[in-house]
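Notes for the one structure printed next.
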Amino acid sequence: MHTVMHLNLRVDPTQYISQIREVPDYDYIHMVRQPKYMLDLSLLNEKVHYLNEVFSPKEYVKRNNISLLHAHHGQLGMLLLPFKEETNLPLVTSIRGRDATLANQPIGYLDNMRMLFDRGERFFPVCQYLADRLIAWGCPSEKIRVLYGGVDLNEFKYRAPHKGDSQNILSIGRLVEKKGHHILMQAFQKIRGKFPNATLTIIGRGGLEEYLISLANQLNLGDSFRLLNHLPKDQVREQMTKADIFCAASLEAADGDVEGIPNTLKEAMAIGVPVISTNHAGIPELITNNKEGVLVQENNVDELADALEFMLTNREIWETYTVAARQKVEQNFNLDQQLQQQAEFYDELVAPYKVGKRYLVTPRQEDKKVLKETPQSQQQGKYDDERIKPGKKAELAEKALIYMQQLQQLQGLPQLQQLKQFPQLQQQTNDKVKDELVTSIKKEKEGKVQQGAKDQDEKIAFRKKEKKAQKAEKVKKALYKIQKFQQQAIDEQLGGDHGGL
Numbered sequence: 024m025h026t027v028m029h030l031n032l033r034v035d036p037t038q039y040i041s042q043i044r045e046v047p048d049y050d051y052i053h054m055v056r057q058p059k060y061m062l063d064l065s066l067l068n069e070k071v072h073y074l075n076e077v078f079s080p081k082e083y084v085k086r087n088n089i090s091l092l093h094a095h096h097g098q099l100g101m102l103l104l105p106f107k108e109e110t111n112l113p114l115v116t117s118i119r120g121r122d123a124t125l126a127n128q129p130i131g132y133l134d135n136m137r138m139l140f141d142r143g144e145r146f147f148p149v150c151q152y153l154a155d156r157l158i159a160w161g162c163p164s165e166k167i168r169v170l171y172g173g174v175d176l177n178e179f180k181y182r183a184p185h186k187g188d189s190q191n192i193l194s195i196g197r198l199v200e201k202k203g204h205h206i207l208m209q210a211f212q213k214i215r216g217k218f219p220n221a222t223l224t225i226i227g228r229g230g231l232e233e234y235l236i237s238l239a240n241q242l243n244l245g246d247s248f249r250l251l252n253h254l255p256k257d258q259v260r261e262q263m264t265k266a267d268i269f270c271a272a273s274l275e276a277a278d279g280d281v282e283g284i285p286n287t288l289k290e291a292m293a294i295g296v297p298v299i300s301t302n303h304a305g306i307p308e309l310i311t312n313n314k315e316g317v318l319v320q321e322n323n324v325d326e327l328a329d330a331l332e333f334m335l336t337n338r339e340i341w342e343t344y345t346v347a348a349r350q351k352v353e354q355n356f357n358l359d360q361q362l363q364q365q366a367e368f369y370d371e372l373v374a375p376y377k378v379g380k381r382y383l384v385t386p387r388q389e390d391k392k393v394l395k396e397t398p399q400s401q402q403q404g405k406y407d408d409e410r411i412k413p414g415k416k417a418e419l420a421e422k423a424l425i426y427m428q429q430l431q432q433l434q435g436l437p438q439l440q441q442l443k444q445f446p447q448l449q450q451q452t453n454d455k456v457k458d459e460l461v462t463s464i465k466k467e468k469e470g471k472v473q474q475g476a477k478d479q480d481e482k483i484a485f486r487k488k489e490k491k492a493q494k495a496e497k498v499k500k501a502l503y504k505i506q507k508f509q510q511q512a513i514d515e516q517l518g519g520d521h522g523g524l
């Protein structure tokens, strides 16, 4: 059985996902960056590891028999690139929403994503909408596999809509702008006069909690509104079974943050709750307006209020929606089917990598091969007609010049990137070459002076000193060229500072 190393944002109930732990025929390691992202210690087991404790990727991969790397966020994919380069394993990156936007991303994020597109083998956006965003950014379409998040239909069993007089509206999601809770609250306030017994419950936690509490007071929602903190999964499911209508008022946030497809919408549809949502991101891939539910324009209070009023007024058509919604989830969002699809996507990568592993050439091996096959031609001096003659005094300088010219011919050589990122390494290299040259010249000079004193007269010794001085000057010129080649190699080949990942 192959083992996949999954790098996830954190370990908590929301990230303890089937796409890591239940992929058929694949074992797993649930990796997080460091222990502080292990948020729920009750989920800790021998399969939870920390990336910052891996000192030798090659040894780690061999010890754990890892065949594939899977990052569950765009930035985590970037973080795994050095790990991938050292181990030569295929890398898969899931794209879930914000990581396909520039919303609150660090400087250089898009450039780094394009680097990931070039070096990563596969990308799993959670809807076609996000796939189109990746393609617009430059990701090759042949590397993309849309992989919807699935619903466990054994946990979310269908039941017919409520036939009583209750009018409970439910929304679930983090308290952030893109969830549109504030729009839903304003829409609910507009219909309260016609439906005095209606209630609105929002379940979630996040940075907008105080704002939403304040908004509820401004809208005078009173006891008809409840804001519940994050609840365990079983209690969330219980609240969903009690709901008459589920609403996800998703929208694009001011900073560009977007959804993929909210899992809570899929779960409500599976369980038989009529749904209202918006034409946002991948949601139309889940809901066709007036078939599996009702869709309105995002960020539109009036349209959302009209949809709430329509659904509360026409209770007799709810079952038409819910039956179609359950069928849609069974066909396209069944967890078992999606996990099997994920395993097949893995198979595309693991089989050829395992079979052809011995024929693969890593980037480092390619660099060595190019260096070995590059002709060792004699180097020119400062002027076209001036050559450095091979000799004991200039031999090290000549080899250094040849090596630097070879580096110029290579594109993206990791050593050059190291010189760019660590200037002290460049200085240490220069100092080491210089010290070796000075020591070599000094020893040879002393030996030849002693020999000249014994065998030649004062005039010949004087002439030799002049020649040695000339050759020493050529060595100085060679050192100058080494420094010049280094700077040109960094500035021209790397094209400036690309920033760290």
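Its first residue numbered 24, the sequence shown is counted upward by one per residue in this note's numbering.
Glycine included, each C-beta is placed from N, C-alpha and C at the ideal position.
1) State the Cα-Cα distance for the pair residue 354 and residue 330, rounded to the nearest angstrom.
2) What is the DSSP secondary structure of residue 204, reduced to helix, strand or coil?
3) Could you give the residue range of the alpha helix (DSSP H) that holds residue 330?
4) By the 10 Å Cβ neighbour count, where 16 or more other Cβ atoms means buried, how is residue 284 classified, buried or exposed?
5) Pull up the distance between the alpha-carbon of residue 205 and that of residue 211, whole angstroms please.
6) For the alpha helix (DSSP H) that contains residue 264, what are its first and last residues?
7) Drop a sphere of 10 angstroms on the beta-carbon of residue 261, count the other beta-carbons inside from all chains shown, and report buried for 16 or more, exposed for fewer.
8) Counting only the same chain and skipping the five closest in sequence on each side, list residues whose C-beta sits under 7 Å from that of residue 334.
9) Alpha carbon to alpha carbon, what distance is there between residue 51 and residue 64?
10) In the structure shown, what three-state DSSP assignment does residue 145 receive?
11) Please specify which runs of the alpha helix (DSSP H), each continuous and at least 4 residues long, are wholly inside the stretch 79-117, giving them in chain order.
12) With the cut-off set at 8 Å, would you say residue 41 and residue 362 are in Cβ contact?
13) So, is residue 222 buried or exposed, given that buried needs 16 or more other C-beta atoms within 10 angstroms?
14) When burial is assigned at 16 or more other CB atoms within 10 Å of the CB, is residue 462 buried or exposed?
15) Does the contact criterion of 3 or more C-beta pairs under 8 Å hold for the stretch 276-293 versus the stretch 213-222?
16) Is there contact between the stretch 148-159 and the stretch 263-278, where contact requires at least three CB pairs shorter than 8 Å?
17) State the DSSP-derived secondary structure class of residue 318, mapped to helix, strand or coil.
18) At which residues does the alpha helix (DSSP H) containing residue 345 begin and terminate?
19) Using beta-carbon positions only, say whether residue 170 and residue 147 come within less than 8 Å of one another.
20) Got a sec, what are the start and stop residues for the beta strand (DSSP E) residue 49 sits in?
21) Measure the C-alpha to C-alpha separation of residue 132 and residue 119 and round it to an integer number of angstroms.
22) DSSP three-state label for residue 65, please.
23) Just how far apart, CA to CA, sit residue 165 and residue 145?
24) Who are the Cβ neighbours of residue 24 in its own chain at under 8 Å, not counting the five residues just before and after it?
25) Specify the secondary structure class of residue 174 as computed by DSSP and reduced to three states.
26) Using only alpha-carbon positions, find the residue among 67, 99, 338, 103 that is nearest to residue 187.
27) For residue 43, which residues of its own chain have a beta-carbon under 7 Å away from its beta-carbon, when the five flanking residues on both sides are left out?
28) Does the beta-carbon of residue 311 have 16 or more other beta-carbons within 10 angstroms, so that it is buried, or is it exposed?
29) Between the Cα of residue 34 and those of 62, 56, 74, 374, spot the shortest distance and give me the residue it belongs to.
30) Pop quiz: residue 115 and residue 93 are said to be a contact at Cβ under 8 Å. What is the actual Cβ separation, rounded to whole angstroms?
31) Mark residue 525 as exposed unless 16 or more other C-beta atoms lie within 10 angstroms of its C-beta, in which case mark it buried.
32) Put residue 41 into one of helix, strand or coil per three-state DSSP.
So, from the listed chains and residues:
1) Taking C-alpha positions only, residue 354 is separated from residue 330 by approximately 26 Å.
2) Correct three-state label for residue 204: helix.
3) Segment 324-336, the alpha helix (DSSP H) holding residue 330.
4) Buried, by the Cβ-count rule.
5) Cα atoms of residue 205 and residue 211: separation of roughly 10 Å, rounded to the nearest angstrom.
6) Annotation: the continuous alpha helix (DSSP H) that includes residue 264 extends over 256-265.
7) By the 10 Å Cβ count, residue 261 comes out exposed.
8) The answer, listed in chain order, is 268, 297, 299, 317.
9) Their backbone Cα atoms lie some 18 Å apart in a straight line.
10) The answer is strand: DSSP assigns residue 145 an E or B state.
11) Counting only runs of 4 or more, we get 80-87, 97-110.
12) In this structure, residue 362 lies closer than 8 Å to residue 41 by Cβ.
13) It is buried - the Cβ of residue 222 has at least 16 other Cβ atoms within 10 Å.
14) It counts as exposed.
15) Touching, no.
16) Result no; under three Cβ-Cβ pairs closer than 8 Å.
17) Three-state DSSP puts residue 318 in a strand.
18) Per DSSP, residue 345 belongs to the alpha helix (DSSP H) from 341-355.
19) Yes, Cβ-Cβ distance for residue 170 and residue 147 is below 8 Å.
20) Membership of residue 49 in the beta strand (DSSP E) is indicated by the continuous run 49-55.
21) In this model, residue 132 and residue 119 are separated by some 16 Å (Cα to Cα).
22) In the structure shown, residue 65 sits in a helix (DSSP, three-state: H, G or I).
23) Roughly 9 Å between the two C-alpha positions.
24) Closer than 8 Å at the Cβ level, and outside the excluded window around residue 24, lie 48, 49, 50.
25) Residue 174 falls in the strand class under three-state DSSP.
26) For the residues 67, 99, 338, 103, the minimum Cα distance to residue 187 belongs to 338.
27) Around residue 43: 29, 31, 51, 53.
28) Classification for residue 311: exposed.
29) Here the closest residue by C-alpha is 62.
30) Contact between residue 115 and residue 93 is confirmed by a C-beta separation of about 5 Å, below the 8 Å threshold.
31) In the structure displayed, the chain extends from 24 to 524; residue 525 sits before or after that span and is not available.
32) In this structure, DSSP gives residue 41 a helical state, which the three-state scheme calls helix.
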